[in-house]
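Have a look at the structure below, then the notes.
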Amino acid sequence: MRIAVCLSDTKPEPWVEALQAALPGAQVQMWSPGLAAADHAVVWAPPQQFVDEQPHLKAMFNIGAGVDAIMKLRLPPGLQVVRLDDAGMSVQMAEYVCHALIRHFREFDVYETEARQGRWVFRKPLERADFPVGIMGLGVLGERVARAVRQFEFPVLGWSRTPKAIDGVRTFAGEARLGDFLVATRVLVNLLPLTDATRGILNRTTLSALRPGGYLIHIARGGHLVEEDLIPLIDSGRLAGATLDVFQQEPLPAEHPFWRHPKITVTPHASARTLRRETIAQIADKIGRLERGEPIAGVVDPARGY
Ligand code: NAP
Ligand code: GLV
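The numbers in my numbering rise by one with no breaks, and the one at position 281 of the sequence shown is 269.
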């Protein structure tokens, strides 16, 4: 069995070495143009040339949860694209969202500024009930985040394509319920996949629908947010601010106004990092299952795009 590794923006050598150790019977090779046909691929944002040169793959394993960079390629019919199924990401997303939410709700950003000036000033406690947290996307990551936020006793809402039942979470499903979800939300967390149906979903209209003092925690894909709509909403007081991890252009250009806006916190696409050990264990297990003719979880539905 041959496995081709094609990773953009990631040093491939440690992956090749660790995959080889996890699958000693396989021949694991880093892809370069002209590499012999492989049975499986392990990829991150591969170029079209890779797909065109590897038409006999049984499966293409993505080392991330989001497959938008793969789904925009021309893929051979029947190729199974397999997304990363948690592999240590959901706990990181829960940490990130709870941190951003609590930093905003408890005004720790304001305390940090005051402390730097040597000022001992209390803030008036805010009402938790006035900060309903709405999570867009209740999949592997969104559901874990919803449960984590619930632990801090905030009202939690969730929106997904198909109906979901999660203890303690008020759920909404489908485009027809998006408006009801948004007007009941104050802190909006985006954990949707980027598809034709979700591109640009965070825009002047949807963000203006949030409760007064709305706050955005945006951690899915840059293509979800119409970036030019955000700062006017914050500067006009319609939104209180935002924590942003993903951007239309990454790395975020040095001159981008998000870096310097006082009510925007920027992180460099770091909310949930791919963990190599967990990821390779999951992919090696799935390759073994496929080779034995067993079903696997996490296969992307090309019609849905995620
Ligand atoms: P997932 O398990 O596929 O869950 C996606 C969720 O979004 C599902 O609940 C799905 O609804 C919902 N959804 C999809 N299309 C929708 C639509 N048109 N309307 C309403 N709901 C819709 O994905 P995941 O593992 O949770 O990951 C989510 C995304 O997070 C990834 O696609 C990726 O872009 C992003 N991500 C970012 C980072 C980072 O570091 N910033 C790290 C990992 C992942 P159904 O349940 O009804 O199907
Ligand atoms: C990272 O952004 C991922 O999709 O895993």
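Where is the CB? At the ideal position from N, CA and C, for every residue including glycine.
These numbers come from a predicted model, not from an experiment.
In the structure shown, residue 199 adopts coil according to DSSP, grouped into three states. In the three-state reduction of the DSSP assignment, residue 147 falls in the strand class.
Using a Cβ-Cβ distance cut-off of 8 Å, the stretch 185 to 198 and the stretch 159 to 172 are in contact, since at least three pairs of beta carbons, one from each stretch, lie closer than that value.
Taking a C-beta distance under 9 Å as the contact criterion, residue 156 and residue 138 qualify as a contact pair.
In the DSSP assignment, residue 57 falls outside any beta strand (DSSP E) and within the unbroken alpha helix (DSSP H) covering 56 to 59.
By the criterion of a C-beta distance shorter than 7 Å, residue 97 is surrounded in its chain by 91, once the five residues flanking it on both sides are discounted.
For secondary structure counted as the beta strand (DSSP E) over 3 or more consecutive residues, the stretch 122 to 181 holds these complete runs in sequence order: 144 to 148, 157 to 161, 175 to 178.
Runs of the alpha helix (DSSP H) lying entirely within the stretch 228 to 256 and spanning at least 4 residues: none are present. In terms of side-chain proximity, the C-beta atom of residue 173 is found no nearer than 8 Å to any non-hydrogen atom of the ligand GLV. Counting only heavy atoms of the ligand GLV, the residues whose C-beta sits closer than 5 Å to one of them are, along the chain, 52, 53, 54. Per DSSP, reduced to three states, the secondary structure at residue -11 is coil, with no helix or strand assignment.
Annotation: the continuous alpha helix (DSSP H) that includes residue 272 extends over 264 to 279. Going by beta carbons, residue 175 and residue 203 fall inside the 9 Å limit.
The Cβ-Cβ distance between residue 55 and residue 69 falls below 9 Å. Judged by their CB atoms, residue 231 and residue 206 are nearer to each other than the 9 Å cut-off. The three-state reading of DSSP puts residue 213 in strand, counting E and B together. Partner residues in the beta bridge of residue 204, as assigned by DSSP, are 176, 230.
For residue 15, the uninterrupted beta strand (DSSP E) run begins and ends at 15 to 18, by DSSP. Within the DSSP bridge table, the entry for residue 48 names 29, 69 as partners. Excluding residues up to 5 positions away in sequence, 228, 229, 230, 249, 251, 252 lie with their Cβ nearer than 8 Å to the Cβ of residue 222 in the same chain.
Residue -6 is bridged by DSSP to 31.
Cβ contact annotation for residue 34 (same chain, cutoff 6 Å, sequence separation greater than five): -6, in chain order. In the three-state DSSP reduction, residue 190 falls in the strand class (E or B). Taking the CA atoms as reference points, residue 193 sits about 18 Å from residue 180.
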